[in-house]
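Undergrad: Numbering (the working numbering), first residue to last: 46 to 431. Note that CB positions come from ideal geometry on N, CA and C, so glycine has one too.
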Amino acid sequence: LSRQLYGLSMHSERPMHRMYEQYHPLGIVGIISAFNFPVAVWSWNAMLATVCGDTNLWKPSSKVPLTAIAVQNIVGEVIKENNLPEGLFNLVVGRGSSVGERMLNDKKVPLISITGSTHVGRHGAEVIAKRFGKAILELGGNNAIILTPDADLKMALPAIVFGAVGTCGQRCTSTRRLIIHESIYDKVTSVILKAYKGLKIGTPMDEKNHVGPLIDKASVADFTNALELVKKEGGKVIYGGEVLEGKGYESGCYVVPALVEAKNEYKIVQEETFAPILYLIKYKGSVEKAIELHNGVVQGLSSAIFTNNIQEAEEFLSASGSDCGIANVNIGTSGAEIGGAFGGEKETGGGRESGSDAWKAYMRRQTNTINYGKTLPLAQGIKFDI
46 LSRQLYGLSM HSERPMHRMY EQYHPLGIVG IISAFNFPVA VWSWNAMLAT VCGDTNLWKP
106 SSKVPLTAIA VQNIVGEVIK ENNLPEGLFN LVVGRGSSVG ERMLNDKKVP LISITGSTHV
166 GRHGAEVIAK RFGKAILELG GNNAIILTPD ADLKMALPAI VFGAVGTCGQ RCTSTRRLII
226 HESIYDKVTS VILKAYKGLK IGTPMDEKNH VGPLIDKASV ADFTNALELV KKEGGKVIYG
286 GEVLEGKGYE SGCYVVPALV EAKNEYKIVQ EETFAPILYL IKYKGSVEKA IELHNGVVQG
346 LSSAIFTNNI QEAEEFLSAS GSDCGIANVN IGTSGAEIGG AFGGEKETGG GRESGSDAWK
406 AYMRRQTNTI NYGKTLPLAQ GIKFDI
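1) Taking 8 Å as the cut-off, decide whether the C-beta atoms of Gly-98 and Pro-130 are in contact.
2) Inspect the beta-carbon positions of Gly-169 and Ile-157 and report whether they are closer than 8 Å.
3) Going by DSSP, what residues sit across from Met-64 in a beta bridge?
4) Quick one: what does DSSP say Lys-334 is sitting in, helix, strand or coil?
5) Could you name each continuous beta strand (DSSP E) segment of 3 residues or more that falls completely within the stretch 185-265, going from the start of the chain to the end?
6) Between which two residues does the beta strand (DSSP E) containing Leu-304 stretch?
7) Looking only at its own chain, which residues have a Cβ that is under 8 Å from the Cβ of Ile-383, when we skip the five neighbours before and after it?
8) For Arg-410 versus Glu-66, is the C-beta distance shorter than 8 Å?
9) Leaving out the 5 sequence neighbours to the left and right, which residues in its chain are closer than 6 Å to Thr-352 when beta-carbon positions are compared?
10) Out of curiosity, what's the CA-to-CA distance linking Gly-297 and Val-84?
11) Apply the 10 Å Cβ neighbour rule to Met-250 and answer buried if 16 or more other Cβ atoms are within range, or exposed otherwise.
12) If you count every other CB in all the chains shown that lies within 10 Å of the CB of Ser-54, and 16 or more means buried, which is it?
13) Can you give the Cα-Cα distance for Val-144 and Val-86, rounded to whole angstroms?
14) What separation, rounded to the nearest whole angstrom, lies between the Cα atoms of Leu-421 and Trp-404?
15) By the three-class DSSP mapping on this structure, what secondary structure does Asn-373 have?
16) When you compare only the Cα positions, how much space is there between Glu-337 and Ile-350?
17) Out of Glu-392, His-56, Ile-225, which one is the CA nearest neighbour of Gln-315?
18) Could you tell me how far apart the beta carbons of Leu-198 and Val-236 are, in whole angstroms, since I believe they sit closer than 8 Å?
19) Ignore the nearest five residues each way along the sequence and tell me which others in Val-172's own chain have a CB closer than 8 Å to its CB.
20) Helix, strand or coil for Gly-345 per DSSP?
21) For Glu-317, count the other beta carbons within 10 Å of its own beta carbon; 16 or more makes it buried, fewer makes it exposed. Which is it?
22) Does the separation of the CB atoms of Gly-141 and Ser-162 fall below 8 Å?
23) Keeping to the same chain, check which residues put their C-beta closer than 7 Å to that of Val-109; ignore five residues upstream and five downstream.
24) For the candidate residues Leu-50, Ile-119, Gly-208, Thr-112, whose alpha-carbon lies nearest to that of Val-96?
25) Check whether the Cβ of Glu-252 lies closer than 8 Å to any Cβ atom in chain C.
26) By the DSSP assignment, the beta strand (DSSP E) with Ile-313 in it spans what residues?
27) As a quick exercise: from Pro-60, Phe-207, Lys-179, pick the residue whose alpha carbon is nearest that of Ile-415.
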């Protein structure tokens, strides 16, 4: 990539002139990462920024500082062994209200990539914009899977369950909503319910377990509060929702993933709860109705449809289909290959942390014009004799 940071060459309207675009490093790139992927998000940003000639200043989540320190130590050894200059990768550990706030306000940091909640991203974007800095925002997701009558349920089931409960629902791409056609709703609900009853919950150090813990007790409170709120709005918890106790669950952060029958317009369904809650939503009629429900939230990160109908699939991928940054057919919402552009629309933020031209965000663009003639013709043929 470092040898492919291309700029366009173009013809000038003025004779004996050459024009082209080139890209220069920004300087310092700030990276503010979340707890759930404490190394991956940093690496996506830092490696691109470094290739572009920038240095990096990383503030990890204060909930998971040790992984960041370990990575910095490893990187430091690589830098030393290869006789590279110190200071390419830098780490600051502290709370967002102190360390993070100073980064946001620092004019010496022209670009900051923020991964976190919509609340965190909105505040960060406002502060950065006031100083005319740049931001890449990868924020909350309220991701949905649509199941049409033509869906292959055997294929869809693992995508749904993993998307909803994998990493205990603590991925920005976790599946939050399942939009099911009424003709298959009862069958789908029965199959998913059976799968949920077979989930093994426990330490993630045991690969036989399907579901690990939530990050802390505040997240447990968010989980239980969301379930109480959805019940008040008319939703029905058909499985799960308990906080586990006893041997192996002493932390108080293990919960039983919840299945909830709900409506898309419920206030709590409109929000992202960073926990394993899957809302089952019924739709009638054509796929257009399902897409309308799908797009009827303020977030726009990841989306999916399961169908063997090519027209439904293409409509979902069209301009009138999914309004998310990621749209999949016959594959779930959770997980993304880093070769593609990763990011979202609406209140999920903006910008991309990977993909074919994501590197451009980490550089400043410059247009150059060279006059290799012996006269000075002005643009647009303007006459200005002096």
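TA: Taking the structure as given:
1) Residue numbering aside, residue 98 sits at position 53 when the sequence shown is read from its first letter. Residue numbering aside, residue 130 sits at position 85 when the sequence shown is read from its first letter. No, Cβ-Cβ distance for Gly-98 and Pro-130 is not below 8 Å.
2) Taking the sequence shown and counting its residues from 1, one reaches residue 169 at position 124. Taking the sequence shown and counting its residues from 1, one reaches residue 157 at position 112. Contact: yes.
3) In the sequence shown, residue 64 corresponds to position 19, counting from 1. Answer by DSSP bridge pairing, in chain order: Met-55, Thr-414.
4) Locating residue 334 in the sequence shown gives position 289, counting from the first residue. In the three-state scheme derived from DSSP, where H, G and I count as helix and E and B as strand, Lys-334 is classed as helix.
5) 188-192, 220-226
6) Looking up residue 304 in the sequence shown gives position 259. Element bounds for Leu-304: 303-306.
7) Along the sequence shown, one-based indexing puts residue 383 at 338. Beyond the five residues adjoining it in sequence on each side, Ile-383 comes within less than 8 Å, by CB distance, of Trp-89, Ser-399 in the same chain, given in chain order.
8) Along the sequence shown, read from residue 1 onward, the residue named residue 410 stands at position 365. Along the sequence shown, read from residue 1 onward, the residue named residue 66 stands at position 21. Yes, they are a contact pair.
9) Residue mapping note: residue 352 aligns to position 307 of the sequence shown, counting from 1. Closer than 6 Å at Cβ, skipping near neighbours: Thr-193, Asp-195, Ala-196, Ala-358.
10) Here residue 297 refers to the residue found at position 252 of the sequence shown. Here residue 84 refers to the residue found at position 39 of the sequence shown. Here the alpha carbons of Val-84 and Gly-297 stand approximately 25 Å from one another.
11) Here the question's residue 250 lines up with position 205 in the sequence shown. The residue is exposed, with fewer than 16 neighbouring Cβ atoms inside 10 Å.
12) Working through the sequence shown from its first residue, we reach residue 54 at position 9. The residue is exposed, with fewer than 16 neighbouring Cβ atoms inside 10 Å.
13) The count along the sequence shown starts at 1 and reaches residue 144 at position 99. The count along the sequence shown starts at 1 and reaches residue 86 at position 41. Straight-line Cα distance between these residues: approximately 19 Å.
14) Counted from its first residue, the sequence shown places residue 421 at position 376. Counted from its first residue, the sequence shown places residue 404 at position 359. Cα to Cα, the separation comes out at about 36 Å.
15) For the purposes of this step, residue 373 is identified with residue 328 of the sequence shown, where counting begins at 1. Residue state, collapsed to three classes: strand.
16) In the sequence shown, residue 337 corresponds to position 292, counting from 1. In the sequence shown, residue 350 corresponds to position 305, counting from 1. Taking the CA atoms as reference points, Glu-337 sits about 13 Å from Ile-350.
17) Residue mapping note: residue 315 aligns to position 270 of the sequence shown, counting from 1. Of the candidates Glu-392, His-56, Ile-225, Glu-392 places its Cα closest to the Cα of Gln-315.
18) As a first step, residue 198 is located in the sequence shown; it is residue number 153 there, counting from the start. As a first step, residue 236 is located in the sequence shown; it is residue number 191 there, counting from the start. Indeed they touch by this definition, with Cβ atoms about 6 Å apart.
19) Counting from 1 along the sequence shown, the entry for residue 172 is found at position 127. Glu-146, Leu-149, Asn-150.
20) To locate residue 345, count along the sequence shown from 1; it is residue 300. Strand, per DSSP.
21) By 1-based counting over the sequence shown, the position of residue 317 is 272. Answer is buried; the Cβ neighbour count reaches 16.
22) Taking the sequence shown and counting its residues from 1, one reaches residue 141 at position 96. Taking the sequence shown and counting its residues from 1, one reaches residue 162 at position 117. It is not a contact, given that the beta carbons lie outside the stated cut-off.
23) Within the sequence shown, the letter at position 64 stands for residue 109. Cβ neighbours of Val-109 within its own chain (closer than 7 Å, five residues either side excluded): Phe-80, Pro-83.
24) Start at 1 with the first residue of the sequence shown, and residue 96 comes out as number 51. Val-96 has its Cα closest to that of Leu-50, out of Leu-50, Ile-119, Gly-208, Thr-112.
25) You won't find chain C in this structure, because it holds only one protein chain.
26) For the purposes of this step, residue 313 is taken as residue 268 along the sequence shown, with counting starting at 1. It is not in any beta strand (DSSP E) - Ile-313 carries neither H nor E in the DSSP assignment.
27) To locate residue 415, count along the sequence shown from 1; it is residue 370. It is Pro-60.
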